[in-house]
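Participant:
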Amino acid sequence: RRAEMAGAPQRAGPLVPPENFAMVARGVYRSGFPSKKNLPFLRAIGLRSVLCLCPEEYPDSSVHFFAHNGIQLLVTGVDGNKAPDDQKGTHMAHAIVGQALRHLSDPRTHPILVHCNQGKHRTGCVVGCLRKLHLWSTAAIFDEYHRFAGTKSRVLDLQYIELFDVDRHMTEAAEAEATDARRRGGSGKGASATPHSDEGAEAGGGRGAMVMVEKAIQVDAAA
């Protein structure tokens with residue numbers, strides 16, 4: 195009996211999602227920082243990209259897991275919004291948030307997971323700004339933020355989302371896409387992708403940023 199059991203195929207362990215895991219829109223997910231036990235789950239949902247909002251260095255074991263499974267790791271480390279303490283308050287940088295939004299709005303990165311440490315503040319801000327691009331109302335955006343942040347909600351996060359300049363972002367996104375297109379054209383080849391690329395340059399990607407956002411809006415509305 196034991197010999198038969200020894201020769202039988204081993205059952206896979208349970209798939210455990212990261213803390214605060216949820217779908218944002220079709221092809222876009224959010225969560226807290228994935229631990230080792232969460233990696234099989236990320237593979238099972240067929241991720242193409244992982245977008246990390248933390249400035250700290252990513253664990254080597256996770257980097258190797260992603261590389262082995264064909265998952266691109268994108269890192270746009272950003273400091274969270276924190277109230278001034280002895281004149282040392284911090285705020286999320288608009289340029290870095292813009293990079294994160296371009297990754298999330300680009301179908302070439304989908305399915306994609308965006309995460310910070312707990313999936314509450316930095317992720318909540320980036321998702322909130324993405325919702326503004328998707329034309330959500332401020333009330334709906336704030337309600338979603340509170341559902342994930344709970345008692346840890348930050349007024350500065352809500353202010354950041356409310357004041358996020360969509361027109362400025364669209365202009366900068368279009369300029370970044372045009373710069374990437376010129377770079378690809380000048381070299382004669384697509385820019386080589388790296389695990390920590392912030393530009394996401396890929397061959398054959400001459401689509402405008404506005405088109406990517408419009409597609410994301412259409413997908414979000416259809417979901």
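Those letters in the sequence shown? Residues 195 to 417, per the working numbering, in order. Each residue gets a CB set at the ideal place from its N, CA and C atoms; glycine is no exception. Everything numeric in this text was worked out from a predicted model, so none of it was measured.
Pull up the distance between the alpha-carbon of G207 and that of A238, whole angstroms please.
Facilitator: In a straight line, the C-alpha of G207 is about 12 Å away from that of A238.
Participant: Could you round the C-beta distance between I306 and L241 to whole angstroms and report it? I think they count as a contact, below 8 Å.
Facilitator: 7 Å between Cβ atoms; contact.
Participant: What does a CB cutoff of less than 6 Å around P211 pick up in its chain, not counting 5 residues either side in sequence?
Facilitator: Only F235 meet the Cβ criterion.
Participant: Can you list, in chain order, the residues of its chain whose CB lies under 6 Å from that of Q266, leaving out five sequence neighbours each side?
Facilitator: Closer than 6 Å at the Cβ level, and outside the excluded window around Q266, lie S243.
Participant: Using beta-carbon positions only, say whether C310 and T317 come within less than 8 Å of one another.
Facilitator: Yes, they are a contact pair.
Participant: Which whole-angstrom value describes the C-beta separation of H285 and L245, a residue pair presumed to lie in contact below a C-beta threshold of 8 Å?
Facilitator: About 20 Å; that fails the 8 Å criterion.
Participant: Provide the residue span of the beta strand (DSSP E) that contains S299, from first to last.
Facilitator: S299 -> not in any beta strand (DSSP E); alpha helix (DSSP H) instead, spanning 288-299.
Participant: Under the three-state reduction of DSSP, which class applies to V257: helix, strand or coil?
Facilitator: Helix, per DSSP.
Participant: Can you list, in chain order, the residues of its chain whose CB lies under 6 Å from that of G274, leaving out five sequence neighbours each side?
Facilitator: Counting only Cβ-Cβ distances below 6 Å, and skipping sequence neighbours, we find H315, R316.
Participant: For the beta strand (DSSP E) containing C166, list its first residue and its last residue.
Facilitator: In the structure as shown, the chain begins at 195 and stops at 417. Residue 166 is therefore absent and cannot be evaluated.
Participant: Does DSSP put I355 in a helix, a strand or coil?
Facilitator: Helix, per DSSP.
Participant: By Cβ distance below 6 Å, which residues in the same chain neighbour N214 in space, the five residues on each side in sequence not counted?
Facilitator: If we look at N214 and ignore the five residues flanking it on each side, its Cβ neighbours are S225, G226, G313, F342.
Participant: Going by DSSP in three states, V244 sits in which element: helix, strand or coil?
Facilitator: In the structure shown, V244 sits in a strand (DSSP, three-state: E or B).
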